Structure formats: C-alpha cells, structure tokens
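Colleague:
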Amino acid sequence: MGDILQLVLKRLGLGVVTLLVISILIFFAVELLPGDIAQAVLGQAATPETVAALREKMGLDQPAILRYFQWLGGALTGDFGVSLISGERVSEAISGRFINTLFLATYAAVIAVPISIILGVIVALLRNTLFDRVANVVTLPSISSPEFFLGYILILYLAVKTNYFPAIASLSTDMSFGELLHRTVLPALTLVLVVTAHMMRMTRAAIINLLASPYIEMARLKGVPPWKVIVKHALPNAWAPIINVVALNLAYLITGVVLVEVVFVYPGVGQLLVDAVSKRDFPIVQACCLIFAATFILLNLAADGSDMNTFVIGYYALLIGASCLAAYFKKRQLFLLIFSLTLISFVTGIVGGVGALRFITVAAGLLALAAGVSYAFREFLIIIASDGVAKELRTAPLTAAFGMFVIFTYAIAGIFAPIIAPFGEAEVISSAFAPADENMLLGADQLGRDMFSRLIYGARNTVGLALVATSLAFILGALTGLLAATKGGWFDQLMGRVADVIMSVPSLIFALLMLSIFGTSLFVIVIIVALIYSPRVFRLTRAVAGNVVVMDYIEAAKLRGEGNWYLIRREILPNSTAPLVAEFGLEFCFVFLLIAGLSFLGLGIQPPTADWGSMVRENATLISFGELTPLIPAAAIALLTVSVNFVVDWMLFRSSGLKDLRIEGYSDEQWIEIVHGVDLTLHKGEVLGLIGESGAGKSTIGLAAMGFARDGCRISGGSIEFDGMELTTTPEGDLRALRGSRIAYVAQSAAASFNPAHRIIDQHTEAPIQYRIQKRVEAQEDAMELYHRLRLPNPDEIGFRYPHQVSGGQLQRAMTAMAMACRPDLIIFDEPTTALDVTTQIEVLAAIRDIVDQFNTAAIYITHDLAVVAQMADTIKVLLKGEEVEEAPTEQMLDAPSEDYTKSLWAVRSFKRPQKERPTEAGSIPIVSVKNVDAAYGKIKVLDDVSFDIYPGMTVAVVGESGSGKSTTARCITGLLPPTKGEIQFNGESLPPRYQDRTKDQLRQAQMIYQMADTALNPKIKISEIIGRPAQFYRGVRGAELKNRVDELLDLIELDPAKFYNRYPPELSGGQKQRGGIARALAADPSFIICDEVTSALDQLVAEGILKLHDKLQEDFNLAYMFITHDLATVRSIADEVVVMQRGKVVEQGAKDEMFTPPHHPYTDLLLSSVPEMDPNWLTTLLEERGTDSIGEAANV
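Here the sequence shown stands for residues 1 to 1197, where the numbers follow my numbering.
Given below as structure tokens:
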C-alpha cells in the first residue's frame, strides 16, 4: 500500500510541476507579442490614451515575473482577471460555460465508454472474422473525419431532413433534464462517433496483444473455452491499457469539444475560447487554456498507470488495416465477373432505381467501382515498380491500393490545379449560391465562385500546407529522437521533458493560444503545427531507435569508436525506416485534420485562398436548406485521411499416436509443408524423447499430439490417434475437453506461461474445477500435495504467491505440478530446462522424472540436449527438417545409432584440444590483466575484487551461473562499465576505464563476439560492409583493397565470397551469422577477443564447427580469447585456463586439467557434477551420491 501511495504522490507531483511549466508558457507567450503588448492588442489605430489605459489595466508597468505570480495566485483562487473586451470578470464568463462543456463531455462519455469496451472485447474475440473486418472498416471513417464534417452530416440528416433533433444546441435555465438531453443529443453523438471508434479499436488491440502471450496459449492448451480465455486470462491483464484508453479519450472529450461547440453553436468554453482568440481577449484565452490543460493533465495522470510511452507507442500502432470486400476475390476472372455484374447494377440503379433499391445498387456499384479502380491501379504499380517493391505490392490489400490511388489523384489535382480547374481560384462567375449546371459541377459559393474549381485549388493549398508542416514536424521530431536515443543522458532527459510539456496541452488549444498571439499567416501556422506534432514524432522515433540502440551491433560500433552521426546514419536509421515512414502518414493525418479545423474556425488559411475547412464554414448556410454541397470539401478531407490510413495500415502490418503426420506453415501467401510424414506411438508410462536441431519440427509435433497448431500453421494430413479418438476430425469443443484434462503441456519458459495477474494456485486449479474433477478446496489441497511431492519450498504457501514472486526453477516445477492436476494420460514437455542453469536444471529433471514414474504417465520430452534426453527418455526419435531420421530405445540409440546424421549428433562432444601452458620465459606479460576490480550498477555491487590474467595465444574460460558476473567482467574490460575500483591492463599498460577515453589503437586491439548473432549483425547492412567496416575505420582500407580484404576474411571463416559477399544477415543461418561476427572481429586485426557465450544459442553440431574455427584462428593469428560460458563441455573443448565465478567473485581459477581434477572448491564441484552426461544412469547416480531422494533439493548441497 505504501508503494502505491508513493507512486500516486509522485505522479501528482509530476502533474503539478507540468502544470506549473504550462502556466509559465501560457502567461509569457503573450509577452512575445511584437512591440508594445497593449498596442498589439488594440491595433495601430488606437490612440495613445487608449493604449495607456489598457497598459494600466493589464499592469504592464510592473515586471513580467511579478505579474506572472500575481496572475498565478489569482488563478489558484479562481480569479483570472477581467475580459479586455466585455469588462466582465473572466471567472464569471467561464463558470457557466465550463459546466455546459463538462455536461456535454459527460453525456458523450456515458454513451461511448461502455459501447466501445464491449465492442472492443467482441471484435477481439472474433478477430480475423468478417465481423472484425467490417467493424474496422466502419470505424475508420469516424476516426479519419473532422468533427465538423460529422456534425454537419448529423445536422443534415437528423435535423434538417427529419426534424428529429434541433440543429442548434441552445440552452436555457428553465428546461427540463429530458429536454436538455434532447437538445444536446447531436453534439454528444458527434463526439461519441469519434471516441467510440478510437476506444473500440484500442481496446481490441490491447486484448489481441495479450492473446499472443504464452500464458494465453497455456490457457488454450488447458482446454479453456475462448470466452473464458478473454474474460479470465486476457481482461485482468488488459484493464490497465483499457483504463488508459478510456482516460485519454475522456481527456479528448473535455478538450475536443471546441469544434463541436462551434458547429452546434453550443454555449461552452470551446465557443468562448474561439471568440476570445479572434478578438485577442488574452485574459479569457489564458484562463481557458489553463483550464483545458489542467483537465487534460489530470486525465492523463489517471491514464498513466505504467508509462506514458506505452500509450503513445500503442496509439501509433493501433490503426489496424481494414480489409476490402474485394479481398475475397481470389482469382482475377471471378473478380472481373463480379465487378462487371455489380457495375451493371450500378448503372441500372442510376437510370431507373428508386428509393432503397437505388441506394443499395448505387452503393454496391460504387464499392465495385472503387475495387476495380484499386485493382487496376495496383496492377499498374506492379508493372512499373522494381522487383522488390512489386513483390510487396502483390501482397497489398485492395484497401491499400485504393488509398494509393486516392493519394495519387489528390497529388495530380494539387500539382496541376491551374490546368485542371475550369475557373480561377477566386474568380466570380455567377450569383451567390447558384445551383450546379453544365459549367459549374458543384454550383457557386457565397460569393459566386465555382465550388469545383476551389475544391481543386484546395487540394493544392490545404494538402500542400499540411505536407509542409508534417515534413517540418517530422524533421524536428525524428532528428531529436534519433539524437536522444543515441546520446542518452541529459539530452535525452531534457528533450523528453520538453515533449511531455508540449503534449500535455491539447493540440487545438495550444494552436489557438499561439495563433491568438502570433497571428494567422501561413508561416506561423506551419511553425506552430510542426511544434505541436514534433513531440509525437520524437516519442515514436526515440522508442523505435531505443529498441535498436540496445542491439549488440550498436555496442560493437561504439566499441569500435564510431561517432554518433555514423551510428544514426548507418546503424540506427536503416532499422527504423519502416515505422517512421508509416508514422509520417499518421502525422500527416493529424496535421491535416488540425489545419482543416483551424480553417473551419477562421484561424487557418485566410480568404480568398481556397481551403477545404474554410469552404465548409463559408457555405454552411446551405446545409439548413438540405444541400450537401458544403459538405463535399469536408468529405474530401475525410476521403484523403481514410486513404492515407489504408496505406499506413498496410505498411504497419505486412509481421498419443501419430501416423504420417503432415503440418504446413503459411509463408509468402502459400502453405509449405514443415512436417513430413512423421510416425510415433506412445504407451502409458513411456517417455519418448524428440531430439533434433532448431527447425526440426519438435515443438510443432508435440503440440500436434494435442490436436493443436499455432497461428500460421495447420495440420494438413495424416492421423493423430489418442486412446481411440482421431484428433484430426474431432470437433474443437471435444479437443478442448481433452487439453488440460487428459493431455497436458509444460512450456519451455514457465515465467512467460504463467499469467502474471493470477496466483499460481488459481491457475493450477483452473482445469480440475473446469472439468468438474474436483471442487476448489479439494483442488487446492491436491495442488499442495503435488507441491510437496515436487519438494517445492513451503508447499502449503507457495501456490498463493504470484509468478513474479517465485524463482525460475520453482516455477518450472510448479508448472509440472499444474500439468499433473487432472492426472493426464499424456504430458508434452517442451524443452522445460533450456533456460535454466545447470544446477537448477537438476531439480527440474529430477522432479519431472519422479512425477512421471509415480503416476505412470506417458510423456513426450522435447529437447536439443543429448545428455538431457538420455536421462529422461525410454525411446529417442531423431528429427531433421520435419522428417524422421530414426527411432530406437535410449541405450541402443546412445550406443549404436544407425544413421549418419544421428552419429554426427552423438559425436559433437568429441572435439577437445590439448591444454596450452603459460609462457615461462622471463619478461612474459599478460596481454590482459584484470586487477582487483570492483564494479556496480548504481548502488548495487556486482563485482568484488576480481583478478585474473590472459596470456597471448591462450584461452581463458570464465564460467558460472547466470548473475555470477561473467559478462559484467567483460564489460569492465571493454570499458562499457567503468570499474569502481581496480584497473584493467593491456600489455602491461593501464587502460582508461571508459571506452570513450581509449585510443583508436586500444579499441582495435580488443574485439568482442556476441552471444546472439541475430542482434550482433545489422540486418539492413550487407555482410561485406559489416565485415569491411573495421578495416576501413581502423586501417583506412578502401576500394579494391577493401574488397580483397573482405574476400580474404570470408575465406578465413569458411564462407564462399562469391555467395556471401552481397547477402544480408537475415539470409544467413545461425552458424553463418556467428561466423560473420568472427570475421568482423578479425577485420580489426586484434590480439584479444572476448567470446560471450558464442555457442549457447546454436545447435550442437553448429556449435562444434564454431569452436573448431576459433581454435584454427587462434593457431593462425596467436589470438588470446576470453571465453564466457556456462557450458563445461565447451570449457573442456577449447580452454587452457578456467576462472570460476559466483556472485561477483572469483572462487577458483587455474589450468584446465587442474580444474577438472579433484579436489575443487564446493561451488566448482557443484557445477562440474551438475553437467548431464551421455549415460542414462547419470541422474540416478548423481542423486544417490548427493544423498537426496529423487527430487527437490538435488542441486542444493
């Protein structure tokens, strides 16, 4: 409770500080008026006496800082001064109007919030169905249309044409509550249309994001019904983002009423603010802006349950792509046939249709016409595009093609407006409001100008201005975001706080404040709009670049000595382009709607320049006569915004017994077989081990045994028989009844597969309660019994903890207990110990084996670790690329495998080179010497008096469990983490603690090879450039010499230069990527290389090849290695000396042969004895030696 109170107080404090900064901005913005403030307010025609009187009234004879504190003190007591125009006290002018605005916002919220959340949950539950697609398509126009367009549409059809509701929301003090609701229903409904669409889509996205979580898959694998998966497992974790969404949209309701109040002449604060801006009544402008900002900040604080960045990034990711009806037309012939028939109905409807029939036929024809034009335009783009772009375009839905076509059309209209338009932009050719004829397609406006011509010119002016403002906002935001992500530190903090302040003021309110001060010139509009939206670009760019900056290839470039400009240009920006391009489209939509709204209010592009927003305002009188013409410019705004969203959406989301089992995966618009005719049979009490390299199909087959295929996969053939039931033809409801009750699943990562919102015991008892095997109390007692059997600490209490309160090894055992809750006949163990340290692994292996033996349960044990499967399985099946290689009893498979591939798997541990001895001649010095090093992260000490030496041409292996300090020591050596005590010496000379202070040659001498090859190589840069960059940077190698050097390095790492020179990292296998990392290190001509777990992420065959390559390169170039690893088999293979670390200390070190010969330090002995061996009796023998029974404390000696 104390932590929550502290968090609340912290956020309230942040809100107060932010509001204080905003108050300073609001007050002192008036001080930026050119010349004398009173003169600027009254205009040049004012007499000196009038100016002097106003100066005295505004207190301009006092210092600005004093006036600010007086104004702030008055504001805190509700006194904002006096209106410059009416002389009325500002608080009195605002109070009644603020109540009206608050009522309107509340009215809309009461309708919008429950509807949007319910619809969001429903479409999430029905995701990827027709209902989901239709819901997304229907809501997109509401999001993309300006409020005044929606408002006028409602006025036209629900007020003018039907007289159901009043067009003007006039209020009086004597009206009843029912009459009040009736008079304000149209403005409230306008707000509801926008907010409901936003909240529904964001709620849907929040839940769908959670549905991809491992704990949701675990619930499905327990047979939980879909509705219960949503209600029990998704919603408890979705409430935070949903509340975030609701609060932020409520903030919009409070501040977004400005345009709605103007449309409906509603007596609220928004209407008052617009009038004050036009009259430059600054006290009212300041008071309104401060009230809106305070309300906005308060609701933002309510929304900020975790991190505002989460909302901003989520918001930009939530405009999900809509599907067009034509997407169902899989063949061109069928498409053209349906298109032709629909076009006929369209023509028929135009000529002779009446009433509803005509409406339906016209609408169908328009849809078909849009689909046909989009289809043809996409085909045209495919023809003229390059091969890579054409491939992407072929996957584009027709909605995206339609969007491209509309954007193209608008661009042509804007560029060639003087040629296309039949009349001049401001040319008067008729009487006011003349009807349409053969010369004027849309009739005339209020001054007799051709509406169609002004609509075309408006494309140039409105869209052009929005494009310029968006480009400027994007340049400012993206540049500062990239710099902040790269530099970090004070610059990042400063820019983040500036962005927070600007984003704390609603966009329209901020624009009105600035325009009231600086005027409405096009230059001012562009600068203000760019300033408003650049923080949003900054936030997204900072987040996207932040995800890139943490990659290992960025760290490698920093350690190489590269500058910030190179990092941004070559490493970060290429990996941030896709979301930033999509963001440009979204920002354009926001800017476009804001500029249109300002023009509608008379504060944007000024007459006689054609502008779509002002065209609606100028001709709004026609709406009262039932004319649609004034809404055409607004429709043009909505059409362009929807079209841009269509394109952006596409850019954001392009991503027991088995017989003859065949499984397919979906890739590049086709199903590809990934499991080919695998057979297996399993009897009760038997354990089958599935083993093979990554991609062999082990997990896919294991899940198929439950009749389950992950998203993007399907079971396409063969038979899955369980206790006489054919699972491939069993209805989904019956399959759910099997999952969790008779077939259970234990995931690789228990931490990710337990739902963080529920206690462990609640998740354990879910299946037995659901299947009515036990009541809750009985299920809880049984859970405690299983925890006791599995030797979990405090078995009567541990289940009542949440997953984050339990260690990884304990969670893995708790998941095994959960799998046994219904006493299933079959359990699938999917690499349950892969993520665990060797000492923790013993606990889990012993627990699994014991529980399977006790309950005589059949099991499929999936792993790539040969020694582990030897302890667990009665029978082993070897897989390769989705095909069965061979199957045999475990002892037979270990002793005499029949297939060459299996023999190669069994031989991977055979590589072992002789130990090298330290040089004994006088004067020999270590190449690297770590002397009495301490290090800390903040106040937490992570290294304590670490010392060891590494000599030229030798390999020192640093071993220990996770958190022992191995990688932290490497970071101290490289200078990424400066030691708090001690020093690092290189060739006898002390190195500067920070890598930024080291010389170029010092950086060159020490290189690093990373654990995860996927994050160590930039996916957007060719292998040749990645490898060649160190040679270019350190040695100045260029041109043909550089190419020869890269070819030489590729030969050294045994990759053919002709095949790999122009490839990108994603086109390489894991082992090939790791070889690329080795070549990059060699390109610097180093004498010392740190190898950080370089084989842990690789299959054992590939890992052995990497170890042999390292050994060869060491012999050729006399390299010194620091090998960080937790795999003692790797230590036996390649090390000369071993350093054992535990909890930040060196507990033992020495030559390899000494370290593997007793006696040892107790921790070293624990590590050595915990490494599984290729002996089926190894685990049993180990447990007997440690004096433990079969489970639980096996690792704790």
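Where is the CB? At the ideal position from N, CA and C, for every residue including glycine.
None of these values were measured; they are calculated from a predicted model.
Give the range of the alpha helix (DSSP H) segment to which CYS972 is assigned.
Modeller: For the purposes of this step, residue 972 is taken as the residue at position 972 of the sequence shown. Element bounds for CYS972: 966-974.
Colleague: Flag this pair as yes or no: are the beta carbons of THR609 and ASN461 separated by less than 7 Å?
Modeller: Counted from its first residue, the sequence shown places residue 609 at position 609. Counted from its first residue, the sequence shown places residue 461 at position 461. Yes.
Colleague: Please name the residue or residues paired with ILE984 in a DSSP beta bridge.
Modeller: Looking up residue 984 in the sequence shown gives position 984. Paired residues: VAL930.
Colleague: Would you mind reading off the limits of the beta strand (DSSP E) that contains GLY1006?
Modeller: Residue numbering aside, residue 1006 sits at position 1006 when the sequence shown is read from its first letter. Here residue 1006 turns out to be Ala, not Gly, going by the sequence shown. Element bounds for ALA1006: 1006-1009.
Colleague: With distances taken from CA atoms, which of ALA1040, ILE419, ARG454 is nearest ALA1205?
Modeller: Coverage of the chain is limited to positions 1 through 1197, which leaves residue 1205 absent and any answer about it impossible.
Colleague: Measure the beta-carbon distance from MET514 to ALA29 and round it to whole angstroms, keeping in mind my assumption that it falls under 8 Å.
Modeller: Indexing the sequence shown from 1 puts residue 514 at position 514. Indexing the sequence shown from 1 puts residue 29 at position 29. Indeed, because the Cβ distance is near 7 Å, the residues count as touching under 8 Å.
Colleague: Tell me where the alpha helix (DSSP H) around PRO48 begins and ends.
Modeller: Within the sequence shown, numbered from 1, the residue matching residue 48 stands at position 48. It spans 48-58 - the alpha helix (DSSP H) in which PRO48 sits, taken as one unbroken run.
Colleague: Using only the alpha-carbon positions, how far apart do VAL262 and ILE632 sit?
Modeller: Residue numbering aside, residue 262 sits at position 262 when the sequence shown is read from its first letter. Residue numbering aside, residue 632 sits at position 632 when the sequence shown is read from its first letter. Cα to Cα, the separation comes out at about 19 Å.
Colleague: Pick from ASN987, ARG183, LYS941, TYR951: whose alpha carbon is nearest that of THR969?
Modeller: The residue you call residue 969 lines up with position 969 of the sequence shown. The residue with the shortest Cα to Cα distance from THR969 is LYS941.
Colleague: Please list the terminal residues of the continuous beta strand (DSSP E) segment that includes ASP445.
Modeller: In the sequence shown, the residue the question calls residue 445 occupies position 445. Note, ASP445: premise wrong, no beta strand (DSSP E); not H, not E.
Colleague: Tell me, which residues are paired with GLU883 by DSSP?
Modeller: Position 883 of the sequence shown holds residue 883. Note: GLU883 sits in a beta bridge opposite LEU880.
Colleague: Residues in its own chain within less than 7 Å of LYS222 by CB, not counting five upstream and five downstream?
Modeller: If you number the sequence shown from 1, residue 222 lands on position 222. Within the same chain, LYS222 has close Cβ partners ARG739, GLY740, GLU766, ALA767.
Colleague: Taking C-beta to C-beta, are ALA169 and ALA108 nearer than 7 Å?
Modeller: By 1-based counting over the sequence shown, the position of residue 169 is 169. By 1-based counting over the sequence shown, the position of residue 108 is 108. Not a contact, by the Cβ cut-off of 7 Å.
Colleague: Check whether the Cβ atoms of ASP934 and LYS981 lie closer than 7 Å to each other.
Modeller: Here residue 934 refers to the residue found at position 934 of the sequence shown. Here residue 981 refers to the residue found at position 981 of the sequence shown. Their beta carbons are under 7 Å apart, which means ASP934 touches LYS981 by this criterion.
Colleague: What separation, rounded to the nearest whole angstrom, lies between the Cα atoms of THR18 and ILE24?
Modeller: In the sequence shown, residue 18 corresponds to position 18, counting from 1. In the sequence shown, residue 24 corresponds to position 24, counting from 1. THR18 and ILE24: Cα-Cα distance of roughly 10 Å.
Colleague: Determine the direct distance from the alpha carbon of LEU1166 to that of GLU886, and round the result to whole angstroms.
Modeller: The count along the sequence shown starts at 1 and reaches residue 886 at position 886. The count along the sequence shown starts at 1 and reaches residue 1166 at position 1166. In a straight line, the C-alpha of GLU886 is about 35 Å away from that of LEU1166.
Colleague: Spell out the partners DSSP gives VAL1171 in its beta bridges.
Modeller: Along the sequence shown, one-based indexing puts residue 1171 at 1171. Looking at the DSSP assignment, VAL1171 forms no beta bridge with any residue, so it has no partner.
Colleague: Between which two residues does the beta strand (DSSP E) harbouring ALA744 extend?
Modeller: By 1-based counting over the sequence shown, the position of residue 744 is 744. It spans 743-746 - the beta strand (DSSP E) in which ALA744 sits, taken as one unbroken run.
Colleague: Out of GLU438, ALA469, GLY443, state which residue places its alpha-carbon closest to the alpha-carbon of ALA432.
Modeller: Walking along the sequence shown from the start, residue 432 turns up at place 432. The shortest C-alpha separation from ALA432 is found at GLY443.
Colleague: Under the three-state reduction of DSSP, which class applies to PRO579: helix, strand or coil?
Modeller: Sequence index remark: in the sequence shown, residue 579 carries index 579 (1-based). PRO579: helix per DSSP, three-state reduction.
Colleague: Beta-carbon of VAL852 versus every beta-carbon of chain C: anything under 7 Å?
Modeller: No chain C appears in the structure shown, which is made up of a single protein chain.
Colleague: Would you list the one or two residues that DSSP bridges to ARG89?
Modeller: Against the sequence shown, residue 89 aligns to sequence position 89. Answer is VAL82.
Colleague: Look up ASP853 in the DSSP assignment and say whether it is helix, strand or coil.
Modeller: Within the sequence shown, residue 853 is the residue found at index 853, counting from 1. Reduced to three states, the DSSP call for ASP853 is helix.
Colleague: By the 10 Å Cβ neighbour count, where 16 or more other Cβ atoms means buried, how is ARG998 classified, buried or exposed?
Modeller: Counted from its first residue, the sequence shown places residue 998 at position 998. Buried, by the Cβ-count rule.
Colleague: Distance check for GLY697 and LYS881, CA to CA, integer angstroms please.
Modeller: Position 881 of the sequence shown holds residue 881. Position 697 of the sequence shown holds residue 697. If I take the Cα positions, the gap works out to 7 Å.
Colleague: Can you tell me the Cα-Cα spacing of HIS233 and PRO1159, whole angstroms?
Modeller: The count along the sequence shown starts at 1 and reaches residue 233 at position 233. The count along the sequence shown starts at 1 and reaches residue 1159 at position 1159. Straight-line Cα distance between these residues: approximately 51 Å.
Colleague: Mind checking LYS558: buried by the 16 CB within 10 Å criterion, or exposed?
Modeller: Stepping through the sequence shown from its first residue, residue 558 is reached at position 558. Buried, by the Cβ-count rule.
Colleague: Is it the case that the segment 787-795 contacts the segment 770-779, given that we only count it when at least three CB pairs across the two stretches are under 8 Å?
Modeller: Cβ pair count under 8 Å is below three, so no.
Colleague: What number of angstroms, rounded off, separates the C-alpha of LEU1183 from the C-alpha of ASP850?
Modeller: One-based indexing of the sequence shown puts residue 1183 at position 1183. One-based indexing of the sequence shown puts residue 850 at position 850. Between LEU1183 and ASP850, the C-alpha separation is close to 12 Å.
Colleague: Taking C-alpha atoms, which residue in ASN1044, TYR410, PRO1065, LEU1042 lies nearest to THR1015?
Modeller: For this step, residue 1015 is matched to residue 1015 along the sequence shown. The candidate whose alpha carbon is nearest that of THR1015 is PRO1065.
Colleague: What did DSSP end up calling SER541 once you bin it into helix, strand or coil?
Modeller: Along the sequence shown, one-based indexing puts residue 541 at 541. The question names Ser, but residue 541 is Thr in the sequence shown. Three-state result, THR541: helix.
Colleague: Quick check: what's the CA-CA separation for ARG97 versus PRO435?
Modeller: For this step, residue 97 is matched to residue 97 along the sequence shown. For this step, residue 435 is matched to residue 435 along the sequence shown. Approximately 39 Å, taken between the alpha carbons.
Colleague: Beta carbon of VAL946, beta carbon of PHE829: below 7 Å?
Modeller: To locate residue 946, count along the sequence shown from 1; it is residue 946. To locate residue 829, count along the sequence shown from 1; it is residue 829. No, the Cβ-Cβ distance between VAL946 and PHE829 is not below 7 Å.
Colleague: Do PHE1088 and ALA1031 have their C-beta atoms closer together than 7 Å?
Modeller: Position 1088 of the sequence shown, counted from the first residue, corresponds to residue 1088. Position 1031 of the sequence shown, counted from the first residue, corresponds to residue 1031. Contact flag unset, no.
Colleague: For GLY81, which residues of its own chain have a beta-carbon under 6 Å away from its beta-carbon, when the five flanking residues on both sides are left out?
Modeller: In the sequence shown, residue 81 corresponds to position 81, counting from 1. Correct list, in chain order: VAL90, PRO283.
Colleague: Between the Cα of PHE600 and the Cα atoms of CYS589, ASN619, PHE590, PHE584, which residue gives the shortest distance?
Modeller: Sequence index remark: in the sequence shown, residue 600 carries index 600 (1-based). It is ASN619.
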